[in-house]
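So for the sequence shown, numbering that gives the first Met the number 0 puts the first residue at 0; every next one is plus one.
All C-beta atoms in this analysis are idealised placements derived from N, C-alpha and C, irrespective of residue type, glycine included.
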Amino acid sequence: MSEETGFPGATVPPGFRSGFAALVGRANVGKSTLLNRLVGAKVAIVSPVPQTTRNRILGVANLPGRGQVAFLDSPGLHRPQHNLGERLNETARQVAGEADVLVFVFDASLGFGPGDEHVRGEIQQGRGSRPVILVPNKVDQMNKGKLLPLIEQATKEWGFDDVVPVSALSGDNVVRLCEVVLSRLPEGPPLYPLDYVTDQGDRRMITEIVREKLLARLRQEVPHAIAVVLDQLEPRPGGLLHIDASILVERPTQKAIVIGKGGAMLKEVGTEARKELEERLGTRVYLKLWVKVRENWRDRDPILHELGL
Ligand code: GDP
Ligand code: MG
Numbered sequence: 000m001s002e003e004t005g006f007p008g009a010t011v012p013p014g015f016r017s018g019f020a021a022l023v024g025r026a027n028v029g030k031s032t033l034l035n036r037l038v039g040a041k042v043a044i045v046s047p048v049p050q051t052t053r054n055r056i057l058g059v060a061n062l063p064g065r066g067q068v069a070f071l072d073s074p075g076l077h078r079p080q081h082n083l084g085e086r087l088n089e090t091a092r093q094v095a096g097e098a099d100v101l102v103f104v105f106d107a108s109l110g111f112g113p114g115d116e117h118v119r120g121e122i123q124q125g126r127g128s129r130p131v132i133l134v135p136n137k138v139d140q141m142n143k144g145k146l147l148p149l150i151e152q153a154t155k156e157w158g159f160d161d162v163v164p165v166s167a168l169s170g171d172n173v174v175r176l177c178e179v180v181l182s183r184l185p186e187g188p189p190l191y192p193l194d195y196v197t198d199q200g201d202r203r204m205i206t207e208i209v210r211e212k213l214l215a216r217l218r219q220e221v222p223h224a225i226a227v228v229l230d231q232l233e234p235r236p237g238g239l240l241h242i243d244a245s246i247l248v249e250r251p252t253q254k255a256i257v258i259g260k261g262g263a264m265l266k267e268v269g270t271e272a273r274k275e276l277e278e279r280l281g282t283r284v285y286l287k288l289w290v291k292v293r294e295n296w297r298d299r300d301p302i303l304h305e306l307g308l
């Protein structure tokens, strides 16, 4: 058997597998938590709020000598109420369309509901001959006796190729899921260098970390009305990285909520984000946050464009 070479410098052992696997499912089922687990690094932010993920996020899992799985996280499929929501659904469909394997995640602790049924319909329509792996997630908070009938239905009735229950939170069975996905990928050289984890650059990472800290503190409609824009990123003498970022909201009332009493909320968010950014960027950070009202930005295409949505 001959050894095949992919990108420059890579020697590929025989039987090496590689390809794209899309994580699809409705909002809040744990796709981003699962991506971070599969990759072993925080590449996607996570929050208790639906529609936290707004972009396609790549996370690469390398299994030394055996293969490389390029996982693609996507926004949850849902009923859109704004142009933003439509973009999110489009992104999700596009991500699913690009993949070699589809990983369909649902929240097993809630059971298989109408939202999951809707996603199942979309998957069946668009899958073609591609393998679909059903992943009941959050098994840490459910009665496992309920899983068996579902596994049977998924394979017999729905024609899914595998069912792999996991807990993305505890990591239970996540390694096995990675193995099952790998076994469904075609043989071929790696798609990315073997130490590659994500294509998300520092600029996106910075705004996402700020948004994550905000989402952890906001309730009801406010989280969806939030976006974060990077205004300035400037290394200053003495090893200090100066970051200016704007938090967009849709209404003055939301601005007041984000700022908090006497500026308390904004201060907490800023401190927490700065600490994580210093750790991740390995440098001291000065983070200045501004809050700006941009009426109905979720329906305004130029703003969505500026946000890369
Ligand atoms: P996504 O919208 O599908 O990407 O979901 P997220 O990854 O953002 O997770 C949504 C919420 O579910 C967060 O609060 C997570 O901490 C939580 N979560 C994700 N996976 C698990 C799990 O396996 N068990 C439990 N108990 N919670 C989880
Ligand atoms: Mg997500």
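Closest to residue 142 by CA distance: which of 49, 116, 133, 109 is it?
Taking the first residue of the sequence shown as 1, we reach residue 142 at position 143. Relative to the Cα of residue 142, the nearest Cα in the group 49, 116, 133, 109 belongs to 109.
Taking only the alpha-carbon atoms, compute the straight-line gap between residue 45 and residue 208 and give it to the nearest angstrom.
Residue numbering aside, residue 45 sits at position 46 when the sequence shown is read from its first letter. Residue numbering aside, residue 208 sits at position 209 when the sequence shown is read from its first letter. When rounded, the separation of the alpha-carbon atoms in residue 45 and residue 208 is 10 Å.
Are there any heavy atoms of the ligand GDP lying less than 8 Å away from the beta-carbon of residue 88, as far as the coordinates show?
In the sequence shown, the residue the question calls residue 88 occupies position 89. No - the ligand GDP has no heavy atom lying nearer than 8 Å to the Cβ of residue 88.
Would you call the CB atoms of residue 79 and residue 105 closer than 9 Å?
By one-based count along the sequence shown, residue 79 stands at place 80. By one-based count along the sequence shown, residue 105 stands at place 106. Contact check for residue 79 against residue 105 fails: the beta carbons are separated by 9 Å or more.
Does the ligand GDP have even one heavy atom less than 8 Å from the beta-carbon of residue 49?
In the sequence shown, counting from the first residue as 1, residue 49 sits at position 50. For the ligand GDP, at least one heavy atom lies less than 8 Å from the Cβ of residue 49.
Touching or not, the segment 93-102 and the segment 177-184, by the rule of three or more beta carbon pairs under 8 Å?
Judged by Cβ distances under 8 Å, the segment 93-102 makes contact with the segment 177-184, as three or more pairs qualify.
Taking Cβ to Cβ, would you say residue 130 is nearer than 9 Å to residue 171?
By 1-based counting over the sequence shown, the position of residue 130 is 131. By 1-based counting over the sequence shown, the position of residue 171 is 172. Their beta carbons are not under 9 Å apart, which means residue 130 does not touch residue 171 by this criterion.
Whole runs of the beta strand (DSSP E) within the segment 82-106, excluding any shorter than 3 residues:
The qualifying runs are 100-106.
Going by C-alpha to C-alpha distance, which of 165, 203, 54, 127 sits closest to residue 89?
Here residue 89 is taken as the residue at index 90 of the sequence shown, counted from 1. Across the set 165, 203, 54, 127, the C-alpha of 54 shows the shortest separation from the C-alpha of residue 89.
Could you tell me whether the Cβ atoms of residue 153 and residue 33 are closer together than 9 Å?
Taking the sequence shown and counting its residues from 1, the one referred to as residue 153 is at position 154. Taking the sequence shown and counting its residues from 1, the one referred to as residue 33 is at position 34. No.
Any heavy atom of the ligand GDP closer than 8 Å to the beta-carbon of residue 306?
Within the sequence shown, the letter at position 307 stands for residue 306. Taking 8 Å as the cut-off, one finds no heavy atom of the ligand GDP near enough to the beta carbon of residue 306.
Are the CB atoms of residue 128 and residue 72 within a distance shorter than 9 Å?
Position 73 of the sequence shown holds residue 72. Position 129 of the sequence shown holds residue 128. No; because the gap between Cβ atoms is not below 9 Å, this pair is not in contact.
At 3 residues or longer, and completely inside the segment 94-165: list those beta strand (DSSP E) runs for me, N to C.
If only complete runs of 3 or more residues are kept, the segment 94-165 shows the beta strand (DSSP E) at 100-106, 131-136, in order along the chain.
Helix, strand or coil at residue 298 according to DSSP, with G and I counted as helix:
Residue 298 sits at position 299 when you count from the first residue of the sequence shown. In the three-state DSSP reduction, residue 298 falls in the helix class (H, G or I).
Here's a check: name, in chain order, each residue in its chain whose Cβ is nearer than 7 Å to the Cβ of residue 284, leaving out the five neighbours to either side.
Here residue 284 corresponds to residue number 285 of the sequence shown, with the count starting at 1. For residue 284, where only same-chain residues beyond five positions count, the Cβ hits under 7 Å are 240, 242, 273, 276, 277.
Given this structure, state the Cα-to-Cα distance separating residue 289 from residue 56, to the nearest angstrom.
Stepping through the sequence shown from its first residue, residue 289 is reached at position 290. Stepping through the sequence shown from its first residue, residue 56 is reached at position 57. Each residue's alpha carbon lies about 26 Å from the other.
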